Amino acid sequence: MLNKVAIVEVAQISGPDSKDNFYDQAYWVTKEVLDKAGLKREELGTVVSTASDVFHGGISCANAYYWESVGAFLKNGTRQDGESIFALYYAAMRILSGHYETALAVALCKGSENPENDTITQFFADPFYQRPVGLNETTAAALQMRQYMDRYGISEEQCAKVAVKNLGNALRNPNAHRKGRYTVDDILDSKRLVDPLTELQCAPKSEGMVAVLLASEDKARELTGKPVWFKGYGCSLDAFFVGDRDLLRGQLRHASAMAYKMAGISEPRREIDLAEISEPYAFQELMWCEHLGFCGEGEGGKLIDSMATQIDGDMPVNPSGGLLANNPYVSRGLQRVLEAVLQIRGQAGERQVDKKVNTALAHGTHGFAGQCHAVVILGS
Amino acid sequence: MGRAVAIIGVGQSKHGKRMDVCYPDLVREAVVAVFEDSGLTPDDIDGVVSGTMPSMMEGVAMTHFYFAEAMQAVGKPILKTETCGSTGVSTAQTAYYWVSSGMADVVLAVGHEKMNEGDSQATMTTVMEPFYQKYFLSGAPGVFSMQSQGWSVRFNIPEEKVREAAAVISVNHHDSAFDNPYAHVKVRLTVDDVKNAKVITYPIRLYDVCPNSDGACAVIFASEEMAKKLCKKPAWVKGVGYRGEEQFFGDSDKAVWPSAVGAAKEAYEQAGITNPRKELDVAEVYNPFTYQEMLFYECFGFCDFGEAPDLVLKGVFSRDGELPCDPSGGVLCTNPIGATGLIRVAEAAMQVTDKAGARQIPGAKMALAHAMGGIDQFNGVLILGSEL
Chain A
1 MLNKVAIVEV AQISGPDSKD NFYDQAYWVT KEVLDKAGLK REELGTVVST
51 ASDVFHGGIS CANAYYWESV GAFLKNGTRQ DGESIFALYY AAMRILSGHY
101 ETALAVALCK GSENPENDTI TQFFADPFYQ RPVGLNETTA AALQMRQYMD
151 RYGISEEQCA KVAVKNLGNA LRNPNAHRKG RYTVDDILDS KRLVDPLTEL
201 QCAPKSEGMV AVLLASEDKA RELTGKPVWF KGYGCSLDAF FVGDRDLLRG
251 QLRHASAMAY KMAGISEPRR EIDLAEISEP YAFQELMWCE HLGFCGEGEG
301 GKLIDSMATQ IDGDMPVNPS GGLLANNPYV SRGLQRVLEA VLQIRGQAGE
351 RQVDKKVNTA LAHGTHGFAG QCHAVVILGS
Chain B
1 MGRAVAIIGV GQSKHGKRMD VCYPDLVREA VVAVFEDSGL TPDDIDGVVS
51 GTMPSMMEGV AMTHFYFAEA MQAVGKPILK TETCGSTGVS TAQTAYYWVS
101 SGMADVVLAV GHEKMNEGDS QATMTTVMEP FYQKYFLSGA PGVFSMQSQG
151 WSVRFNIPEE KVREAAAVIS VNHHDSAFDN PYAHVKVRLT VDDVKNAKVI
201 TYPIRLYDVC PNSDGACAVI FASEEMAKKL CKKPAWVKGV GYRGEEQFFG
251 DSDKAVWPSA VGAAKEAYEQ AGITNPRKEL DVAEVYNPFT YQEMLFYECF
301 GFCDFGEAPD LVLKGVFSRD GELPCDPSGG VLCTNPIGAT GLIRVAEAAM
351 QVTDKAGARQ IPGAKMALAH AMGGIDQFNG VLILGSEL
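As they're listed, the protein sequences go chains A and B. Take 1 as the starting number for the first sequence in this note's numbering and just add one per residue. Take 1 as the starting number for the second sequence in this note's numbering and just add one per residue.
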């Protein structure tokens with residue numbers, strides 16, 4: 001990288017629902033992150049927002065709706081759709097290009113006003129072949145889960161343990177939507193949505209307004225004593241038709257390899273202290289851990305059995321509760337970034353892990369069975 | 001500033017009512033064309049930017065999934081840029097920043113829309129804020145009619161003069177479309193045809209309005225080092241500007257339009273342009289409505305406010321005029337919205353690299369490309385030049 005980019009401050013408004021309207025939430029989260037950094041709106045360089053037309057309560061051209069609410073009035077700004085980690089990357093690019101010293105990446109999703117997630121995700125499918133057979137994010141994930149269990153001998157209990165862990169972690173997270181002390185049986189006995197997935201293994205539909213302020217190296221040191229550095233990024237898109245892909249060997253290995261290379265990481269399990277992973281379905285956390293190199297192929301079940309990914313383990317995964325606890329669709333990737341930043345800065349409150357976090361990984365995914373993955377490495 | 005960036009290849013589909021191809025194949029047509037034009041292969045591409053209008057347009061959400069193969073994006077990093085009508089220029093600017101930042105050397109930008117698969121005006125009605133504005137601002141023509149009326153009243157331009165100038169613009173662009181093999185609407189018109197066409201939203205008549213087009217456009221951006229290695233005649237990005245305004249129509253000035261003025265000013269400053277009418281050789285202005293095009297001339301500093309109709313009638317912005325605007329026929333003849341802004345960029349790149357065929361402005365060295373979007377909210381400008 002030509003220069004360094006840091007995250008200066010973060011803010012979020014998340015949970016199941018809120019009495020505040022979209023404009024108010026977008027405004028307050030933007031104001032909070034700017035106030036924390038002591039930056040006036042007029043001083044802010046550029047705004048890269050993420051929101052999705054289809055996850056936007058029936059309003060098209062999402063950016064047209066909230067432009068001034070996120071501080072972008074008469075500024076150079078832009079918008080990403082689908083994955084909010086894209087906005088973080090694009091904001092970093094705008095700073096690295098030398099055009100701006102500060103950039104706001106903001107992700108907006110008011111899940112409470114949206115239809116059910118899968119009412120929307122079915123529109124990812126083409127209208128001719130995949131949509132008529134009922135493919136959506138959950139049915140695609142169920143196909144993937146069945147294959148995963150069959151090929152590697154992973155059990156439903158091992159998958160359910162992810163939900164036990166994450167919903168338990170969420171008890172410490174005041175922003176979580178779904179939380180509780182559950183047993184493996186509770187998870188498996190919850191309503192079977194799409195076999196073999198049960199309700200508590202599927203992420204809910206949540207609200208999430210997430211703001212992340214980035215700055216160039218010099219500006220970051222001026223604005224905060226605790227900059228969190230943007231160390232690496234990787235992203236990879238898979239083929240469209242679910243039947244064309246090996247669902248167990250997707251693009252996450254490739255995306256993470258790019259990010260590790262940029263960050264100079266050769267042994268991820270040893271060099272990464274904590275991971276916030278997007279797991280819209282419980283078993284995916286096990287699979288993604290394999291693809292991120294935290295364990296060998298097919299060893300995701302053993303990894304959860306080993307307790308290593310617990311909040312007090314040697315490789316904590318989703319101490320926030322992850323997506324199973326809070327799932328504002330397009331905002332969820334940037335929310336993982338926010339959680340990783342809080343952990344690195346020691347500001348994660350009750351969900352702060354015991355050990356020192358120097359290097360953290362944040363991951364986002366969207367699309368059927370992980371058609372697209374984005375990985376960010378952050379460091380102290 | 002960061003690294004210098006150049007355009008080293010452009011590709012367009014044939015635009016129009018393309019019932020002969022499905023949506024991914026329409027995208028593929030432009031992507032195949034850009035690889036033919038640049039001589040590159042998909043292996044040379046470090047990242048892909050995809051841009052489109054909202055999902056309601058064609059009923060498929062997050063089309064970067066659907067077009068993964070068509071865009072040759074499998075196994076590559078992707079960004080999905082959407083800013084309404086200005087999407088095409090925002091997509092180009094995303095590719096620009098990606099390369100300029102040093103995070104990629106060669107980036108493919110793709111814009112696409114298949115408007116004949118859906119109902120564009122119904123879609124645009126869902127862009128309005130749903131509680132107060134949706135009920136009186138349905139569709140695009142209503143918004144732009146109000147804007148043009150406000151502008152002509154503000155500057156005391158007689159209605160007849162505006163009408164005459166708009167008709168001249170329409171005739172010129174429709175003539176130019178015959179020189180553009182990719183253009184959609186090709187019809188010979190007289191000034192009287194335009195003036196007597198049926199009213200869409202007063203004062204806008206049929207030939208003052210762009211069509212619904214199916215089309216795709218692909219443009220390859222590269223770093224200075226790669227551009228010099230891979231391309232004999234690159235088009236250099238000299239300036240990038242963008243500004244956005246608030247949602248509520250009526251809260252701000254749409255005649256001396258701050259986002260249009262600001263976006264152009266930002267791009268001019270980077271390109272070192274102080275007298276745009278003199279220093280630009282050609283402009284691809286985003287002109288879905290004839291009236292609005294004149295407003296852009298003024299906001300971009302091509303002339304003073306209130307002066308555009310007179311200069312149009314004098315031929316200043318005609319093909320053989322001082323600053324030819326939209327020699328491609330422009331948006332007025334071809335509008336696949338998610339691709340439209342990127343087509344402006346592609347056409348500008350072709351002009352400064354002497355590749356524009358029958359619509360070439362001889363000797364063009366500096367060009368402006370522009371797109372506009374939202375409820376009259378967003379404007380983006382790129383300046384391209386033949387020299388680094």
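We put the beta carbon where it would ideally sit given N, CA and C, even for glycine. Just so it is clear, the structure is predicted and the values come from calculations on it, not from any experiment.
Please name the residue, chosen from the options, that lies closest to residue i on a Cα-to-Cα basis.
i      : options                           : result
A/A64  : B/E246, B/F296, B/G2 and B/G142   : B/E246
B/S176 : B/Q377, B/K365, B/G357 and B/S145 : B/G357
A/P187 : A/S52, A/K31 and A/Y281           : Note that residue 187 of chain A corresponds to Ile in the displayed sequence, not to Pro. If we check each option's Cα against that of A/I187, A/Y281 comes out closest.
B/D46  : B/S55, B/H15, B/Q93 and B/V99     : B/V99
A/T198 : A/C159, A/G58, A/R345 and A/G234  : A/C159
B/K195 : B/T290, B/M294, B/D179 and B/G385 : B/T290
B/G51  : B/A369, B/T83, B/V31 and B/G330   : B/T83
B/D326 : B/S252, B/T274 and B/F178         : B/F178
B/A140 : B/T190, B/D192, B/N287 and B/D20  : B/N287
B/K233 : B/D37, B/E29, B/M1 and B/V27      : B/D37
B/A68  : B/S90, B/M57, B/M1 and B/P42      : B/P42
A/A308 : A/A325, A/R249 and A/C289         : A/C289
A/F230 : A/D238, A/Y329 and A/A215         : A/A215
A/Q122 : A/R249, A/N358 and A/A140         : A/A140
B/Y132 : B/L108, B/F248 and B/G272         : B/F248
A/I304 : A/P319, A/G296, A/L286 and A/R41  : A/L286
Hey, could you find the ends of the beta strand (DSSP E) residue i is sitting in?
i      : result
B/G215 : D214 to S223
A/R192 : R192 to V194
B/D10  : The question names Asp, but residue 10 of chain B is Val in the sequence shown. First-last of the beta strand (DSSP E) with B/V10: V5 to Q12.
A/Q80  : G77 to Q80
A/F230 : V228 to L237
A/M209 : E207 to S216
B/V209 : From DSSP, B/V209 is part of no beta strand (DSSP E); its letter is neither H nor E.
A/Q12  : V5 to G15
B/H15  : Taken as a continuous stretch (DSSP letters only), B/H15 belongs to no beta strand (DSSP E), as it is neither H nor E.
A/T46  : T46 to T50
Does the distance from the C-beta atom of residue i to that of residue j stay below 8 angstroms?
i      : j      : result
A/A374 : A/A360 : no
B/F221 : B/V60  : no
B/A283 : B/N379 : no
B/L382 : B/A267 : yes
A/F86  : A/T50  : yes
A/E207 : A/G349 : no
B/Y97  : A/R253 : no
B/E9   : A/A72  : The sequence shown places Gly at residue 9 of chain B, rather than the Glu named in the question. No, they are not a contact pair.
A/A220 : A/S236 : no
B/V407 : B/G39  : This structure gives no information on residue 407 of chain B, because the portion of chain B shown stretches from 1 to 388.
B/A339 : B/A183 : no
A/K355 : A/D273 : yes
A/C61  : B/P54  : yes
B/S328 : B/T353 : no
B/V256 : B/F305 : yes
B/A197 : B/L313 : no
B/P276 : B/F302 : yes
A/G300 : A/I154 : yes
Residue i lies in the alpha helix (DSSP H); which residues open and close that run?
i      : result
A/N175 : Neither: A/N175 is in no alpha helix (DSSP H) and is coded neither H nor E.
B/E347 : I337 to V352
B/I375 : No alpha helix (DSSP H) holds B/I375; DSSP gives it neither H nor E.
A/T139 : E137 to Y152
A/Q335 : R332 to R345
B/C333 : G330 to C333
For this session: Pick out the complete alpha helix (DSSP H) segments inside the stretch 242-320 of chain B, 4 residues or longer, and give them in chain order.
Result: 258-271, 276-279, 290-299 and 308-314
Problem set entry | the stretch 192-210 of chain B / the stretch 311-321 of chain B touching (three or more Cβ pairs under 8 angstroms) | no
Exercise. What residue ranges within the stretch 260-322 of chain A form continuous beta strand (DSSP E) runs of no fewer than 3 residues, ordered along the chain?
Worked result: 274-276
Problem set entry | Segment contact flag, the stretch 15-34 of chain B with the stretch 112-121 of chain A, C-beta cutoff 8 angstroms, min 3 pairs | Output reads no: the stretch 112-121 of chain A does not touch the stretch 15-34 of chain B.
Exercise. Mind pulling the beta strand (DSSP E) runs of 3 or more residues that sit fully within the stretch 100-187 of chain B?
Worked result: As far as the stretch 100-187 of chain B is concerned, its whole beta strand (DSSP E) runs of at least 3 residues are 106-114.
For this session: Inspect the CB distances between the stretch 101-121 of chain B and the stretch 60-71 of chain B and report whether three or more fall short of 8 angstroms.
Result: Output reads yes: the stretch 60-71 of chain B touches the stretch 101-121 of chain B.
Exercise. Any chance the stretch 317-334 of chain A sits against the stretch 208-215 of chain A, with 3 or more Cβ pairs inside 8 angstroms?
Worked result: yes
Exercise. Which ranges would you report for the alpha helix (DSSP H) in the stretch 60-103 of chain A if only whole runs of at least 4 residues count?
Worked result: 62-66 and 84-96
Exercise. Can at least three beta-carbon pairs, one atom from the stretch 357-372 of chain B and one from the stretch 114-123 of chain B, be found at a separation below 8 angstroms?
Worked result: no
For this session: Identify every run of the alpha helix (DSSP H) within the stretch 18-72 of chain B, keeping only runs that are complete inside it and at least 4 residues long; order them along the chain.
Result: Qualifying alpha helix (DSSP H) stretches, in chain order: 23-38 and 63-66.
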